[in-house]
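Q: Residue numbers for the sequence shown, in the working numbering: 955 to 1365.
Attaching a single structure in structure tokens format; questions to follow.
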Amino acid sequence: MTHWDIIVVGGGIGGSALASVMARKGKSVLVLEQTAKFQDRVRGEWIAPWGVVETKRLGLYDTLVKAGGHHLVRHIAYDEGITPEMAEAMTLPLGMFHEGVPGPLCIGHPHHCQTLFDEAGRAGATTLREAQVLRVTLGSNPSVTFMKDGVEQTATGDLIVAAEGRTSLVRQAAGISLNQDAPHHWFAGLLVDGVKGWDDDLQAIGTEGNFGFLAFPQGAGKVRVYGGYALNEKSRFSGEAGARRFLDAFEMQSCPRNRHLVEGQPAGPLFSFFNNDAWTDQPFADGMVLVGDSAGWNDPIIGLGLSITYRDVRIVTDILSATPKGQAPDFRPYAEERAERMRRLRFTAKLASILDMEFGEEAARRRQQYFERKAQDPSLGMHGFAVMAGPESLPPDVFTDAYQQRVLHGH
């Protein structure tokens, strides 16, 4: 074939999920993936409860669970301003956000990608690896020119779906600009193996001294850990011993159980990156639509990259399924929903960054006062529902400067 109903550029999570859904619906789908093997990207392993709902709506949840995805059911927030016993007394049950969802779903990133790539092939999509995209032409007759096995080929399609990540070639071809805010802190991630004593169903966060951490167990003694640190400490974990120094930073009096992480061994690359948000004003153009990171991403401090991607795929596939043959799909509802969704999540992430990833005496005092006030007024923690239940689960007045002032300053 040289003409397809849908050409998907990028065979990772978003691209392969969309290909699976549309191939099941009888569409001819071509997936172009540039890598020979999916690599550890140090992200893309935690799906929030509202994202789990989206995987169910897409018919992919059982596939992920069968591939080894497992749920986290408890959350503990540690901090230097409270005792470990106080933190653990406030353990949050994660099955409270969506009926039938025990909590977030975790599955290792490379395995997650491969699982969905294989599923797309089983569903009937044509999946090509080591396909290097050379040119993209958009408009009424969009096409993709790519190199495969040393041969240059051109495929045309009714629609091109851009799912190739943050440096999207398709987005650039469409002339769609990417808005980005200023970074707040450094954020680093590492897979740790040989972790004994950390419960497989428990996730945790915490801040102490000049470091903030997050930990999400992957099962079988593996835990994905993240750490935030100040922008002026760019080289803090650089060099050959950087991964070991990074793990050592998890040794905290406020979270004694972190010793299990420190005693583990680095099992993958340590990547450090800025925490900032990015977004597009319009994630579509004539003959093309963007999904996942290609359309912009949320600050990883709240870990919603996968949930955002699965929501994108669900809305886009709903629109495509409802579009009569021969008509161009109308992606305006997708653009409107995504714009408000990402605005709310930017607000939530910035608030989380201020609370959890600022360091020093003033920041520590602010967090302690926040914990004390939230114990008396639980509504000060409502923004957490945007992370777990979805940004649409809260009223608009939560995402305002007035709410932020209440959370940070009590007025």
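Even for Gly, the Cβ is constructed at its ideal location relative to N, Cα and C.
#1: Alpha carbon to alpha carbon, how far is Pro1047 from Leu1299?
#2: Near Ala1109, which residues of its chain fall below 7 Å by C-beta distance, leaving aside the five closest residues on each side in sequence?
#3: Is the separation between the beta-carbon of Gln993 and that of Pro1058 shorter than 8 Å?
#4: Quick check: the segment 1336–1351 against the segment 1210–1222, are at least 3 beta-carbon pairs closer than 8 Å?
#5: Whose CA, out of Ala1117, Glu1118, Gly1182, lies closest to the CA of Gly1257?
#6: From Gly1111 to Gly1280, what does the alpha carbon distance come to, in whole angstroms?
#7: Taking the alpha helix (DSSP H) that Val975 belongs to, which residues open and close that run?
#8: From Ala1195, Val1179, Ser1189, pick the residue whose C-alpha is nearest to that of Phe1204; which is it?
#9: Please confirm whether Phe1339 has its beta-carbon closer than 8 Å to some beta-carbon of chain D.
#10: Rounded to whole angstroms, how far is the Cβ of Val1087 from the Cβ of Leu1244, which I believe are closer than 8 Å?
#11: Taking the beta carbon of Asp1240 as the centre, do at least 16 other beta carbons fall within 10 Å, making it buried, or is it exposed?
#12: Since I believe Met1242 is in contact with Leu1092 (beta carbons under 8 Å), could you give me their beta-carbon distance rounded to a whole number of angstroms?
#13: I need the DSSP call for Gly1344, collapsed to helix, strand or coil.
#14: Please confirm whether Cys1067 and His1024 have their CB atoms less than 8 Å apart.
#15: Go through its chain and collect everything with a Cβ distance to Arg1321's Cβ below 7 Å, but skip five positions before and after it.
#16: Tell me which same chain residues have a C-beta within less than 7 Å of the C-beta of Ala1221, skipping the five on either side of it?
#17: I need the boundaries of the alpha helix (DSSP H) containing Pro1003, first residue and last residue.
#18: To the nearest whole angstrom, what separates the beta carbons of Trp1152 and Leu1215, a pair I think is in contact under 8 Å?
#19: Can you name the start and end residues of the beta strand (DSSP E) that Leu1281 belongs to?
#20: Leaving out five residues before and five after Gly1250 in sequence, what residues of the same chain have Cβ atoms less than 6 Å from its Cβ?
#21: For the beta strand (DSSP E) containing Phe1100, list its first residue and its last residue.
#22: Indicate the three-state DSSP secondary structure (helix, strand or coil) for Thr1302 in the structure shown.
#23: Span of the alpha helix (DSSP H) holding Leu1201?
#24: Grouping DSSP H, G and I as helix and E and B as strand, with all else coil, what is Lys1188?
#25: I need the DSSP call for Gln1330, collapsed to helix, strand or coil.
#26: If you draw a straight line from the C-alpha of Pro1332 to the C-alpha of Met1050, how long is it?
#27: Could you pull out every residue in the same chain whose Cβ sits closer than 8 Å to the Cβ of Glu999, ignoring the five residues on either side in sequence?
#28: Let's test the definition: count the other Cβ atoms within 10 Å of the Cβ of Gln1157 and tell me whether it reaches 16, buried, or not, exposed.
#29: On the DSSP bridge assignment, give the partners of Ala1356 in chain order.
#30: Excluding the five sequence neighbours on either side, which residues of its own chain have a C-beta within less than 6 Å of the C-beta of Tyr1015, listed in chain order?
#31: Would you please state the rounded distance, in angstroms, between the beta carbons of Arg997 and Pro1254? I believe it to be under 8 Å.
#32: Straight-line CA distance for Gln988 to Gly1143?
#33: Alpha carbons only, please: which of Met1206, Gly1119, Arg1125, Pro1137 is nearest the one belonging to Val1090?
#34: Is Phe1434 buried or exposed, if buried means 16 or more other CB atoms sit within 10 Å of its CB?
#35: Does the Cβ of Lys1020 have 16 or more other Cβ atoms within 10 Å, making it buried, or fewer, making it exposed?
#36: Using CA coordinates, which residue listed in Thr1017, Gly1364, Val1270, Asp1154 is at the minimum distance from Ala1077?
A: In this structure, then:
#1: 22 Å
#2: Thr956, Trp958, Ile961, Leu984, Ser1097, Val1098
#3: no
#4: no
#5: Gly1182
#6: Each residue's alpha carbon lies about 12 Å from the other.
#7: In the DSSP assignment, Val975 falls within the alpha helix (DSSP H) that extends over 967–978.
#8: Val1179
#9: No chain D is part of this structure, which consists of one protein chain only.
#10: Not really, about 15 Å apart at Cβ, beyond 8 Å.
#11: exposed
#12: 5 Å
#13: coil
#14: no
#15: Asp1033, Gly1035, Thr1161, Leu1309
#16: Non-local C-beta neighbours of Ala1221 in its own chain, meaning closer than 7 Å and more than five positions away in sequence, comprise Leu1145, Val1146, Asp1147, Lys1176, ordered along the chain.
#17: 1003–1011
#18: Taking 8 Å as the upper bound for CB-CB distance, Trp1152 and Leu1215 are in contact here, some 7 Å apart.
#19: In the sequence as displayed, the identity of residue 1281 is Gln instead of Leu. That residue, Gln1281, is in no beta strand (DSSP E); it is neither H nor E in DSSP.
#20: Only Ala1232, Trp1233, Thr1234 meet the Cβ criterion.
#21: 1097–1102
#22: helix
#23: 1196–1202
#24: coil
#25: Reduced to three states, the DSSP call for Gln1330 is helix.
#26: 15 Å
#27: Cys1060, Ile1061, Gly1062, His1063, His1066, Phe1170, Gln1172, Arg1178, Leu1260
#28: buried
#29: None, per the DSSP bridge assignment.
#30: Thr1009
#31: 6 Å
#32: 24 Å
#33: Arg1125
#34: With the chain represented from 955 up to 1365, any question about residue 1434 goes unanswered, as that position is not in the structure.
#35: exposed
#36: Thr1017
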